[in-house]
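Below is one structure, written out as structure tokens; comments come after it.
Numbering (the working numbering), first residue to last: 17 to 170.
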């Protein structure tokens with residue numbers, strides 16, 4: 017019996033003693049209500065990709081509004097005309113921020129079918145890069161699990 021108690025104490029010490037600090041902040045970010053849409057003018061010369069999402073963040077890691085940059089697919093990157101952050105509203109009681117942006121792309125000469133085929137079944141906005149008030153930069157990958165990783169300087 018004494019050996020069992022000693023074993024359980026060692027396991028508890030091992031679990032609590034492990035350093036998960038590197039991922040602690042990263043896993044505290046979460047994405048909610050992620051929406052991407054595309055629309056354009058009648059002659060398809062320009063398309064506007066709109067995105068809207070809410071990110072919750074850990075205490076003390078508020079997102080700096082002016083640092084938010086969308087990460088887009090290659091076909092959007094090659095055709096982008098303008099990138100605009102429409103709004104970034106803090107929801108302070110929830111440690112959250114609602115982000116809305118628009119990306120205007122040149123689709124002059126493309127048909128609706130060619131535009132859809134260019135997307136290759138992918139969403140056009142695949143992530144965000146942002147900085148927190150404490151100066152840390154993060155990359156938010158919006159594919160699959162909405163993984164947030166801290167970017168290292170250098």
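Just so you know, even glycine gets a beta-carbon here, dropped at the ideal spot from N, CA and C.
Measure the CB-CB distance between residue i and residue j and report whether it falls below 7 angstroms.
| i | j | result |
| --- | --- | --- |
| residue 79 | residue 148 | yes |
| residue 173 | residue 64 | Only positions 17 to 170 of the chain appear in this structure, which leaves residue 173 out of reach. |
| residue 91 | residue 134 | yes |
| residue 69 | residue 99 | no |
Tell me which residues share the same chain as residue i and place their Cβ nearer than 6 angstroms to its Cβ, disregarding the 5 neighbours each side in the sequence.
| i | result |
| --- | --- |
| residue 18 | A caution first: residue 18 carries a pLDDT of 47, below 50, which makes its placement in the model too unreliable to give a value. |
| residue 85 | 145 |
| residue 101 | 84 and 117 |
For residue i, which residues in the same chain have their Cβ closer than 7 angstroms to its Cβ, ignoring the five residues on either side in sequence?
| i | result |
| --- | --- |
| residue 152 | 166 |
| residue 89 | 138, 140 and 142 |
| residue 37 | At residue 37 the pLDDT is 36, less than 50, meaning the model places this residue with poor confidence and gives no usable figure here. |
| residue 150 | 76 and 77 |
| residue 105 | 113 and 114 |
| residue 129 | none |
If I measure Cβ to Cβ from residue i and keep anything under 8 angstroms in the same chain, skipping five residues before and after, which residues do I get?
| i | result |
| --- | --- |
| residue 62 | 56, 97, 120, 121, 122, 123 and 124 |
Could you tell me the distance, in whole angstroms, from the CA atom of residue i to the CA atom of residue j?
| i | j | result |
| --- | --- | --- |
| residue 81 | residue 54 | 23 angstroms |
| residue 103 | residue 66 | 12 angstroms |
| residue 3 | residue 49 | Limits of the chain in this structure are 17 at one end and 170 at the other, which puts residue 3 out of reach. |
| residue 158 | residue 59 | 31 angstroms |
| residue 164 | residue 155 | 6 angstroms |
| residue 131 | residue 107 | 36 angstroms |
| residue 136 | residue 87 | 16 angstroms |
Ranges of the alpha helix (DSSP H) found wholly within the stretch 37-115, counting only runs of at least 4:
When DSSP assignments are scanned along the stretch 37-115, the uninterrupted stretches of alpha helix (DSSP H) that are 4 or more residues long and fall wholly within it turn out to be 37-44 and 90-95.
Do the stretch 69-78 and the stretch 110-129 meet, that is, are 3 or more Cβ pairs less than 8 angstroms apart?
As far as the Cβ criterion goes, the stretch 69-78 touches the stretch 110-129, which means the pair count is three or higher.
If we require 3 or more residues per run, which beta strand (DSSP E) segments fall completely within the stretch 128-154?
Within the stretch 128-154, the complete beta strand (DSSP E) runs of at least 3 residues fall at 141-147.
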